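Undergrad: Residue numbers (the numbering used here): -1 to 171.
Cβ atoms here follow ideal geometry from the backbone N, Cα and C, with glycine treated the same way.
Bear in mind that the values here come from a model prediction, so they are computed numbers and not experimental data.
Quick one: this structure, given as structure tokens, is what I'll be asking you about.
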């Protein structure tokens, strides 16, 4: 088996979105469900709902850009409840699931434009650089931050809830 750009990008995006669904299921079953959207690790950090938002934006843009398409804007709104956050993840997961392996695997060296924040010029990088240097690290950062916020809020969640979406398919669970 050859590990491809698709596996490193879309495969990981699918895993991260599935892990978000696992985290959200644990949150929903906890007393923190009503307040999780605004919960933060630290007052200077963005809340749980933003972690869901930005990870979904990254996954959406990743799937669009690696197919040579322009991504649409996903607004940071209507993410006040676990149900709304789950709906956002499922919406983006459906897009990611529809991505063509063959198309992505031809785009390793295609130039991708990405914004790096307000008042910062767009960067131009090759597809593989975008995946390795921006998209995948951001997906993991925001998933980890959401997991950490859930733990801080008392949600009964463990490492296996985080890793299950990545590992279970290989170890037969």
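Can you name the start and end residues of the beta strand (DSSP E) that residue 109 belongs to?
TA: The residue given as residue 109 occupies position 111 in the chain shown. Unbroken beta strand (DSSP E) run through residue 109: 109 to 112.
Undergrad: Starting from residue 151, follow the alpha helix (DSSP H) in both directions and report where the run begins and ends.
TA: Taking the chain shown and counting its residues from 1, one reaches residue 151 at position 153. Counting along the chain, residue 151 falls outside any alpha helix (DSSP H), and DSSP gives it neither H nor E.
Undergrad: Does the Cβ of residue 134 have 16 or more other Cβ atoms within 10 Å, making it buried, or fewer, making it exposed?
TA: Position 136 of the chain shown, counted from the first residue, corresponds to residue 134. Buried, because 16 or more other Cβ atoms sit within 10 Å of the Cβ of residue 134.
Undergrad: Near residue 136, what residues of its chain come up, given a Cβ to Cβ distance below 8 Å and the 5 sequence neighbours on each side ignored?
TA: Taking the first residue of the chain shown as position 1, residue 136 is located at position 138. Counting only Cβ-Cβ distances below 8 Å, and skipping sequence neighbours, we find 52, 53, 56.
Undergrad: Spell out a yes or no on whether the region 57 to 64 and the region 95 to 110 are touching, meaning 3 or more CB-CB pairs, one atom from each, closer than 8 Å.
TA: yes
Undergrad: Quick check: residue 59 and residue 45, are their CB atoms within less than 9 Å of each other?
TA: Taking the first residue of the chain shown as 1, we reach residue 59 at position 61. Taking the first residue of the chain shown as 1, we reach residue 45 at position 47. Not in contact: residue 59 and residue 45 (Cβ atoms no closer than 9 Å).
Undergrad: What's the call for residue 75, buried or exposed, on a 16-neighbour Cβ count within 10 Å?
TA: Against the chain shown, residue 75 aligns to sequence position 77. Exposed, since its Cβ has fewer than 16 Cβ neighbours within 10 Å.
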